Amino acid sequence: MTIRHSLLALLAHEPAHSYQLKGDFEDRTGGAWMLNIGQVYTTLQRLERDGFVIGDDDDQRTVYRLTASGRAALDEWFAEPIIHDPPPRDELTLKVLLAVGADDVDLHPILQRQRTAAVEHLQALTRQKAAADPERDLPWLLLMDALVLRTEAQIRWLDICEARVAQATRTGGGGA
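All the letters of the sequence shown, read from the start, carry residue numbers 243 to 418 under our numbering.
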């Protein structure tokens, strides 16, 4: 997640000071990601250094506004698709891959425990999603949709892992 572009997006809506940006970020992301105010300060300093924002002192605090260069950088970010290549490090994937290659690790219980945890997590997400108000909680609902779909994909991947490991065991190929 890029805080830099997130702050630019918020400033495209209206000029703001650092604490307002922190609050707006947390509101717009459905409260799922908390921002450290120190990170907001340092990011704003870099954005100002790079000419993407201008800070104007307003009594006791600095109010930042987007520059034309900042708008262009934001437009470019919105226009570019996000492709994870190489993929981000995923602890579950690493655990499974390392377990496959370990002689003394039984992968089956690892996959079963993870599947159980993922199904329980999916149920909790579904309950949270059902409790949201579609008229008031659009960012939260979109976040819940993403989390539900990722969890469903994780469950499907665990099923595929189990099937591939079973096939490899039957044919004598691969680790695990």
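All C-beta atoms in this analysis are idealised placements derived from N, C-alpha and C, irrespective of residue type, glycine included.
Nothing here was measured: the structure is a model prediction, and the numbers come from that model.
The residue among Trp275, Ala360 and His247 with its C-alpha nearest the C-alpha of Glu322 is His247. If one requires a minimum length of 3 residues, the beta strand (DSSP E) runs lying completely within the stretch 278–336 are 295–300 and 303–308, in chain order.
Counting along the chain, Met386 sits inside the alpha helix (DSSP H) bounded by residues Leu380 to Thr413.
In this structure, Leu289 is the residue among Leu289, Pro330 and Val305 with its C-alpha nearest to the C-alpha of Gly312. For the options Glu394, Ala254, Val282 and Lys371, the alpha carbon positioned closest to that of Tyr261 is the one of Val282. For Pro351, the enclosing alpha helix (DSSP H) begins and ends at Leu349 to Ala373. Under the three-state reduction of DSSP, Ala344 is assigned to coil, being neither helix nor strand. In this structure, DSSP gives Ala258 an extended state, which the three-state scheme calls strand. Distances from the alpha-carbon of Thr244 to those of Gly272, Ala258, Leu277 and Gly265 put Leu277 closest. Put simply, the backbone Cα of Val305 is about 10 Å away from that of Val295.
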